[in-house]
Every structure is written in C-alpha cells, then in structure tokens.
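Take a look at the structure set out below.
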Amino acid sequence: MILQGAVEAGRTLGKYTLQRELGRGSMGVVFLAHDESLRRDVAIKILSAGLTSDPRFEEWFRSE
90 MILQGAVEAG RTLGKYTLQR ELGRGSMGVV FLAHDESLRR DVAIKILSAG LTSDPRFEEW
150 FRSE
C-alpha cells in the first residue's frame, strides 16, 4: 500500500485505526493500532516514504 499524506494517530488505514506512535527509526514508524475486524490492538510498522522506491527495502520490509 502506498500512503498519501501524513501518517499520524487517528488516521484509518484499511481496517486499522492508528492510535499512537510507539517508536521511530531510520527505516520507519511503529504505531499502536486497533484492528476493527478482530476488535483488538496490534502494532503496525510503516516504511519511511523515501525507502518505498527501493525494491531491496520493500523486500526486506515485507519479509520482516
């Protein structure tokens, strides 16, 4: 999924609602999110926008 605009708490991504940022690093941001279909909290990691055009990072990210 390619995200448009700011990724911040309160935003909905598919069935997930981002609640708050848990951590940030050079590769991306991890959010606490709520999975609406399972009705439970999950962690969502979002790859930094600058890395999405590099197939190596995308492959690493998907395998992680």
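Counting along the sequence shown from 1, when you hit position 20 you're at 109 in the numbering used here, and nothing is skipped either side.
Positions of the beta carbon are idealized from the N, C-alpha and C atoms, including for glycine.
From a predicted model like this one, the values you see are computed outputs, not experimental measurements.
Residue range of the beta strand (DSSP E) that residue i falls in?
i      : result
Arg109 : Tyr105 to Arg113
Using only CA atoms, which one of the options lies nearest to residue i?
i      : options                   : result
Asp130 : Glu110, Met116 and Glu148 : Glu110
Leu127 : Gly99, Phe150 and Tyr105  : Tyr105
Ile133 : Leu107, Arg100 and Gly99  : Leu107
Ser137 : Arg113, Gly103 and Glu125 : Arg113
Gly117 : Arg100, His123 and Thr141 : Thr141
Leu121 : Phe150, Pro144 and Glu97  : Glu97
Mind checking which residues open and close the alpha helix (DSSP H) that includes residue i?
i      : result
Arg100 : Careful: Arg100 lies outside any alpha helix (DSSP H) and carries neither H nor E.
Ser152 : Pro144 to Ser152
On the DSSP bridge list, what partners appear for residue i?
i      : result
Arg129 : Asp124
Leu136 : Gly117
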